[in-house]
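Taking it in order: structure first as structure tokens, then the write-up.
Set out below in structure tokens:
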């Protein structure tokens with residue numbers, strides 16, 4: 012096999028399909044602009060979804076891409092596995108070739124087989140494929156085109172080998188190509204009871220969009236069947252570099268080396284998972300920030316913050332007392348800016364966000380870790396009580412998933428049902444408290460806003476000024492779109508350095524301003540626990 016670098020593999024793949032009359036299309040954004048149901052782009056076909064359904068026309072019928080993808084929230088969530096397996100990532104690139112009503116199964120199989128065996132030089136005897144059990148056409152084409160014997164073509168009857176865009180719409184059978192890394196690794200062939208091992212690794216999935224699901228039990232043939240394929244760049248690069256471990260490729264070795272130098276730790280089998288988490292989570296964080304996603308308490312910003320904090324927690328585990336994430340950014344940009352020049356443009360913002368977040372997180376982590384360690388004696392049967400996990404969250408701002416991740420290294424879990432029960436009880440208590448506090452109309456608006464926009468992130472322990480986004484304006488107990496000079500009103504932002512009155516300490520005063528307006532804060536109140544209201 013040709014030992015190509017990750018950059019080489021990306022270039023070779025795109026060049027091969029360009030030579031076979033495919034248009035090289037730039038990666039679309041990680042934040043999908045054509046599918047509001049998706050948190051992040053998670054596959055190569057997302058940017059072509061409307062092309063496949065016929066809603067959009069392009070001036071080409073064949074395309075190839077190396078698509079930026081993130082899987083760290085919602086249905087496709089690999090976060091908990093990252094660092095502990097050789098193949099899981101939050102950020103990865105998906106290589107793909109696409110036919111929009113042009114070629115179908117025969118050409119797709121021929122193109123894939125020639126690329127893998129001739130261009131990449133992967134030995135044929137190491138390869139096997141799976142097909143959907145009812146797809147006799149694909150079974151026969153693999154025998155004819157690739158020359159595979161029948162015992163190397165596995166018939167799979169489950170949905171693993173049948174793809175659909177949703178309950179209704181385009182769908183069709185798949186063919187997956189597998190590489191056998193050898194019997195020194197655990198795992199059996201696809202479809203077997205031990206298929207989840209690391210011996211047989213799927214390297215490419217060919218999706219044949221053959222049908223349209225028009226009802227639960229009714230399917231018709233598409234007038235122009237199409238092809239959508241996906242091959243993980245990191246996974247095929249590992250294979251071509253002689254390893255089954257994505258983190259042993261040249262790209263990740265470079266990032267992990269810098270992580271080791273900055274944390275002043277020699278890489279060992281006991282700490283390698285932390286270095287892997289740092290390298291992977293840095294990639295996801297940098298690319299998301301480059302697209303304008305900023306850490307927050309909800310939506311995509313929450314997922315970004317979760318990724319960042321998980322990575323930063325591992326740097327602290329390695330003994331780092333200073334922020335290191337922003338210091339690895341130049342190395343990552345050097346590695347990837349040839350293909351993604353937006354990283355260069357966004358470097359100042361990326362650096363500032365990473366540094367600020369890690370400084371804030373170190374304070375939160377130190378506080379939460381003290382409480383957690385002091386209470387580990389209460390753990391029975393390796394299960395932390397749910398009410399204790401909730402106290403960490405409610406009182407000290409320690410998210411449940413962070414507590415779970417820390418305990419994972421200690422081979423412990425959290426009683427999640429107990430946590431959920433404590434959370435429900437808090438919401439119930441909060442509702443009752445505010446219903447009877449006197450000003451019913453005003454009480455309702457705060458509860459409504461808390462449900463609508465979430466809590467406010469308090470920055471006052473680290474900063475006495477900050478930037479924020481105004482989320483709501485309230486005048487006389489009602490939400491309004493604007494306030495005028497001389498009005499008395501309330502303002503709620505996504506984050507604030509203003510301390511809200513509680514525990515006997517009065518609320519902060521000061522100013523909130525932008526280029527056009529100036530808002531004098533005469534008092535700050537904390538409503539419903541974490542909603543900061545500026546009067």
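In the working numbering, the protein residues as written are 12 to 546. From the three backbone atoms N, C-alpha and C, an ideal C-beta is built for every residue, glycine too. Bear in mind that the values here come from a model prediction, so they are computed numbers and not experimental data.
Checklist entry - For the alpha helix (DSSP H) that contains residue 56, what are its first and last residues? => result Premise fails: residue 56 is in no alpha helix (DSSP H) and is neither H nor E.
Item to check | Spatial neighbours of residue 434 in its chain, beta-carbon cut-off 7 Å, leaving aside the 5 residues before and after | outcome: 401
Checklist entry - Does DSSP put residue 75 in a helix, in a strand, or in coil? => result strand
Checklist entry - Quick one: what does DSSP say residue 415 is sitting in, helix, strand or coil? => result helix
Checklist entry - Which term fits residue 524, buried or exposed, when burial requires 16 or more other beta carbons within 10 angstroms of its beta carbon? => result exposed
Item to check | Candidates 205, 96, 405: closest to residue 287 by CA position | outcome: 96
Checklist entry - Are the CB atoms of residue 534 and residue 521 nearer to each other than 7 Å? => result no
Checklist entry - If we call anything under 7 Å between Cβ atoms a contact, is residue 301 one with residue 353? => result yes
Item to check | Alpha carbon of residue 356 to alpha carbon of residue 368, nearest angstrom | outcome: 20 Å
Item to check | Alpha carbon of residue 173 to alpha carbon of residue 146, nearest angstrom | outcome: 10 Å
Next on the checklist: Quick check: what's the CA-CA separation for residue 493 versus residue 330?
Outcome noted: Those two C-alpha atoms are separated by around 49 Å.
Checklist entry - Roughly how far, in whole angstroms, is the beta-carbon of residue 350 from the beta-carbon of residue 21, given that I think they are within contact range, below 8 Å? => result 6 Å
Next on the checklist: Taking the alpha carbon of residue 240 as the reference point, which residue from 417, 74, 512, 336 has its own alpha carbon closest?
Outcome noted: 74
Checklist entry - What residue does the alpha helix (DSSP H) around residue 337 start on, and which one ends it? => result Per DSSP, residue 337 belongs to the alpha helix (DSSP H) from 336 to 347.
Next on the checklist: So, for residue 29: in the same chain, excluding its five sequence neighbours on each side, which residues have a beta-carbon less than 8 Å away from its beta-carbon?
Outcome noted: Spatial neighbours of residue 29 in its own chain (CB-CB distance under 8 Å, excluding positions within 5 residues in sequence) are listed in chain order as 35, 75.
Next on the checklist: To test your reading of the DSSP string, which unbroken alpha helix (DSSP H) runs of 4 or more residues are found completely within the stretch 89 to 113?
Outcome noted: none
Checklist entry - Can you tell me whether residue 337 is buried or exposed, with buried defined as 16 or more other CB within 10 angstroms of its CB? => result buried
Checklist entry - Can you tell me where the beta strand (DSSP E) with residue 164 in it begins and where it stops? => result 164 to 167
Checklist entry - Which stretch, first to last residue, makes up the beta strand (DSSP E) that contains residue 8? => result It is not possible to answer for residue 8, since the shown part of the chain is limited to 12 through 546.
Next on the checklist: Which residue marks the beginning of the beta strand (DSSP E) containing residue 212, and which one marks its end?
Outcome noted: 211 to 226
Checklist entry - Around the Cβ of residue 410, are there at least 16 other Cβ atoms within 10 angstroms (buried) or fewer (exposed)? => result buried
Checklist entry - Looking only at C-alpha atoms, which of 167, 310, 436 sits nearest to residue 184? => result 167
Next on the checklist: Suppose the cutoff is 6 Å on Cβ atoms and the five residues either side in sequence are ignored; what does the same chain contact list for residue 245 look like?
Outcome noted: 103, 257
Next on the checklist: Please state whether the Cβ-Cβ distance between residue 549 and residue 291 is less than 7 Å.
Outcome noted: The requested residue 549 does not occur in the structure, where the chain is confined to residues 12 to 546.
Next on the checklist: Please classify residue 66 as buried or exposed, where buried requires at least 16 neighbouring CB atoms within 10 angstroms.
Outcome noted: exposed
Item to check | the stretch 303 to 319 touching the stretch 340 to 349, judged by at least three CB pairs closer than 8 Å | outcome: no
Next on the checklist: Within 10 Å of its beta-carbon, does residue 69 have 16 or more other beta-carbons around it, so buried, or fewer, so exposed?
Outcome noted: It is exposed - the Cβ of residue 69 has fewer than 16 other Cβ atoms within 10 Å.
Next on the checklist: Pull the bridge partners of residue 545 from the DSSP assignment, please.
Outcome noted: Partner(s): 502, 535.
Checklist entry - What is the DSSP secondary structure of residue 453, counted as helix, strand or coil? => result Because residue 453 carries a pLDDT of 45, less than 50, the predicted location of this residue cannot be relied on, and no value is offered for it.
Checklist entry - According to DSSP, which residues form a beta bridge with residue 507? => result 469
Next on the checklist: Can you list, in chain order, the residues of its chain with a C-beta nearer than 7 Å to that of residue 501? Leave out the 5 residues immediately preceding and following it.
Outcome noted: 485, 544, 545, 546
Checklist entry - First and last residue of the alpha helix (DSSP H) that includes residue 313? => result 310 to 328
Checklist entry - If you draw a straight line from the alpha carbon of residue 148 to that of residue 116, how long is it in whole angstroms? => result 8 Å
Checklist entry - Using the beta-carbon count (16 or more within 10 Å), is residue 542 buried or exposed? => result buried
Checklist entry - Alpha carbon to alpha carbon, how far is residue 79 from residue 40? => result 7 Å
Item to check | Segment contact flag, the stretch 99 to 114 with the stretch 229 to 238, C-beta cutoff 8 Å, min 3 pairs | outcome: yes
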